[in-house]
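**Q** Just dropping this structure here.
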Amino acid sequence: KPSPVKSAVFSVPSYACQRRTTLENHNTVLTDALSLLAENAELSDEDGRGVAFRRAAAVLKALPSAVMSISQLSGLPCLGEHSLRVIKDIWENGASSEVESTKVSERFKALKVLTGIFGVGAKTADRWIREGIHDLHQLQNSGQTLNRAQQAGLQHYDDINQPVTKAEACAIEEIVEKAVSSVLPGAQIILTGGFRRGKQTGHDVDFLITHPEEGREVGLMPKVVSWLEAQGFLLYQKTTRNSYLESKADGPGRPPSNMDRFERCLSIFKLPKMEKQGAKDSQNVTENCLQANQKSDEPECPEAAPDRRWRAVRVDLVVSPISQFAFALLGWTGSKLFERELRRWARYEKGMSLSSHALYDNNQRKYLRASSEEEIFAHLGLEFIPPSERNA
Ligand code: DGT
Ligand code: MG
126 KPSPVKSAVF SVPSYACQRR TTLENHNTVL TDALSLLAEN AELSDEDGRG
176 VAFRRAAAVL KALPSAVMSI SQLSGLPCLG EHSLRVIKDI WENGASSEVE
226 STKVSERFKA LKVLTGIFGV GAKTADRWIR EGIHDLHQLQ NSGQTLNRAQ
276 QAGLQHYDDI NQPVTKAEAC AIEEIVEKAV SSVLPGAQII LTGGFRRGKQ
326 TGHDVDFLIT HPEEGREVGL MPKVVSWLEA QGFLLYQKTT RNSYLESKAD
376 GPGRPPSNMD RFERCLSIFK LPKMEKQGAK DSQNVTENCL QANQKSDEPE
426 CPEAAPDRRW RAVRVDLVVS PISQFAFALL GWTGSKLFER ELRRWARYEK
476 GMSLSSHALY DNNQRKYLRA SSEEEIFAHL GLEFIPPSER NA
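Numbering (UniProt numbering), first residue to last: 126 to 517.
Now the structure itself:
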């Protein structure tokens with residue numbers, strides 16, 4: 126296609142953590158296609174391919190305008206042969222044949238439906254598919270034993286797969302704030318994850334909890350959970366305890382990069398539906414919720430009740446000691462690719478190991494302290510990127 130306007134060649138740095146990626150995306154057709162292939166790869170235990178597609182999509186998300194011609198892409202990082210083929214296909218034919226055939230493939234559809242159940246990962250879904258289970262109905266009739274998380278996930282399937290709004294996240298923030306300040310005055314909570322990056326919806330709501338005096342946060346999680354449970358706010362919860370100190374045996378040079386070891390509570394919240402006026406009067410949200418939960422009788426099949434006055438929402442709580450707070454905040458704000466790129470930058474460009482707990486300098490053989498995200502970026506020799514520009 127001859128392009129009437131001369132389009133400039135784009136140039137972006139190669140690590141996502143060197144770039145500012147806002148939620149304004151000028152290339153959604155291309156990035157949606159590449160993200161779908163990434164998702165398919167991740168669900169198929171092909172993580173390498175998954176990351177490659179995620180990186181390619183992230184480069185396009187960072188462009189200041191829509192791509193007008195293939196020639197603009199020459200010299201951009203992370204666009205491998207495969208990703209370029211997908212882009213060309215869309216460019217020339219209006220759609221990528223690989224993306225379209227993936228979308229309608231029975232396997233991909235089944236993987237999506239089954240991993241949509243809270244507590245079901247790609248491995249379990251794959252095993253079930255090999256046993257002929259492709260949907261929720263077949264799963265329910267299969268006699269498969271489900272663990273407690275999966276049972277709750279199945280029970281609240283529709284709610285959990287409906288995006289959480291910012292207003293709902295704020296209502297939950299108020300409830301968690303009340304729980305935290307009731308059991309430990311002075312403790313602080315902060316909304317992390319996608320909502321901290323400015324997203325208007327999310328698949329869950331993530332919170333980080335700490336206390337300005339080191340050590341005071343010990344034992345906090347069970348108390349918060351008990352408070353929430355007593356008030357009827359939890360449909361499901363599983364708390365895992367802090368195991369960071371135990372793990373020091375792993376050696377400081379190689380802290381495990383992915384899984385962190387904070388005390389963490391994976392939960393399903395019972396959020397009373399917000400009345401339109403009530404939602405505006407934010408002071409009353411918690412009170413309204415408390416009253417609604419006290420009134421409600423538990424029906425046998427909760428999601429089936431047509432006029433039920435609450436919805437289920439996935440909520441993650443993490444407790445961090447104040448000394449690790451900046452690292453935890455950076456690590457839990459995302460996006461997932463941004464986090465991955467920060468760790469890759471640290472390791473390969475700086476000889477450092479970054480986790481959600483600490484930053485270790487392999488050359489100086491010491492931990493680098495930080496009490497803010499800005500300090501961590503500075504240690505890493507990176508320009509500070511605010512949360513709203515970490516949407517890689
Ligand atoms: P969402 O919820 O779909 O709108 O998107 P996000 O960006 O909130 O993603 P989410 O909720 O899966 O995770 C939030 C951030 O927390 C993400 O950037 C990565 C981080 N994260 C999630 N799970 C873990 C974990 O097990 N360990 C560590 N270190 N970080 C995690
Ligand atoms: Mg989230």
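Heads up, the beta-carbon is just placed ideally off N, CA and C, and yes, glycines get one too.
Check whether the region 189-206 touches the region 250-264, counting contact only when three or more Cβ pairs, one atom from each stretch, lie closer than 8 Å.
**A** With a cut-off of 8 Å, the region 250-264 and the region 189-206 do not count as touching, because too few Cβ pairs lie within range.
**Q** Beta-carbon within less than 7 Å of E500's beta-carbon, same chain only, minus the 5 sequence neighbours each way: which residues are those?
**A** Residue numbering aside, residue 500 sits at position 375 when the sequence shown is read from its first letter. Closer than 7 Å at the Cβ level, and outside the excluded window around E500, lie A451.
**Q** From the DSSP output, in three-state form, read off E423 for me.
**A** Here residue 423 is taken as the residue at index 298 of the sequence shown, counted from 1. Low confidence applies here, because E423 scores a pLDDT of 49, under 50, leaving its location unreliable and the question unanswered by this model.
**Q** Within its chain, find whatever has a CB closer than 6 Å to the CB of G319; leave out the 5 residues flanking it on each side and keep chain order.
**A** Position 194 of the sequence shown, counted from the start, is the residue given in the question as residue 319. Correct list, in chain order: G327.
**Q** Over the uninterrupted alpha helix (DSSP H) stretch that includes Q276, give me the two end residues.
**A** As a first step, residue 276 is located in the sequence shown; it is residue number 151 there, counting from the start. Counting along the chain, the alpha helix (DSSP H) containing Q276 begins and ends at 273-280.
**Q** Could you have a look at L505 and say whether DSSP puts it in helix, strand or coil?
**A** Mapped onto the sequence shown, residue 505 falls at position 380. DSSP places L505 in coil when its eight states are reduced to three.
**Q** Excluding five sequence neighbours on each side, which residues of the same chain lie with their C-beta closer than 6 Å to the C-beta of A181?
**A** For the purposes of this step, residue 181 is taken as residue 56 along the sequence shown, with counting starting at 1. L159, C203, L204, S208, listed in sequence order.
**Q** Helix, strand or coil for S392? Go by DSSP, reduced to three states.
**A** Residue 392 sits at position 267 when you count from the first residue of the sequence shown. Here S392 sits in strand by DSSP.
**Q** M346 by DSSP, collapsed to three states: which one?
**A** Mapped onto the sequence shown, residue 346 falls at position 221. Of the three classes helix, strand and coil, the one that applies to M346 here is helix, per DSSP.
**Q** Enumerate, from N- to C-terminal direction, the unbroken alpha helix (DSSP H) stretches of 4 or more residues contained entirely within the region 166-223.
**A** The region 166-223 contains these whole alpha helix (DSSP H) runs: 172-186, 206-218.
**Q** Among L442, S368, L188, which has the Cα closest to the Cα of T335?
**A** In the sequence shown, the residue the question calls residue 335 occupies position 210. Residue L442 is the option with its Cα nearest to T335.
**Q** Opposite W435 in the DSSP bridges: which residues?
**A** Locating residue 435 in the sequence shown gives position 310, counting from the first residue. According to DSSP, W435 bridges with P397.
**Q** So what does T335 bridge to, in DSSP terms?
**A** For the purposes of this step, residue 335 is taken as the residue at position 210 of the sequence shown. T335 is bridged to Q313.
**Q** Out of E339, S497, R145, which one is the CA nearest neighbour of S445?
**A** As a first step, residue 445 is located in the sequence shown; it is residue number 320 there, counting from the start. Closest option to S445, Cα to Cα, is E339.
**Q** Just the Cα atoms here: how many angstroms apart are G175 and I447?
**A** Taking the sequence shown and counting its residues from 1, one reaches residue 175 at position 50. Taking the sequence shown and counting its residues from 1, one reaches residue 447 at position 322. Distance between the alpha carbons of G175 and I447 is about 34 Å.
**Q** Looking at ligand 1, does it come within less than 7 Å of S460, judged from the CB to the closest heavy atom?
**A** As a first step, residue 460 is located in the sequence shown; it is residue number 335 there, counting from the start. True, at least one ligand heavy atom lies under 7 Å from that Cβ.
**Q** Cβ of D284 within 7 Å of any heavy atom in ligand 2?
**A** Position 159 of the sequence shown holds residue 284. For ligand 2, not one heavy atom lies less than 7 Å from the Cβ of D284.
**Q** Which residues bound the alpha helix (DSSP H) around S307?
**A** Along the sequence shown, read from residue 1 onward, the residue named residue 307 stands at position 182. Here the alpha helix (DSSP H) through S307 covers 291-308.
**Q** Checking the sheet assignment: what are the DSSP bridge partners for V443?
**A** Against the sequence shown, residue 443 aligns to sequence position 318. Paired residues: L333, R389.
**Q** Report the CB separation of R144 from P138 in whole angstroms; it is logged as a contact under 8 Å.
**A** Reading the sequence shown from its first residue, position 19 is the one you call residue 144. Reading the sequence shown from its first residue, position 13 is the one you call residue 138. Their Cβ separation, rounded to whole angstroms, is 6 Å, which keeps R144 and P138 in contact under 8 Å.
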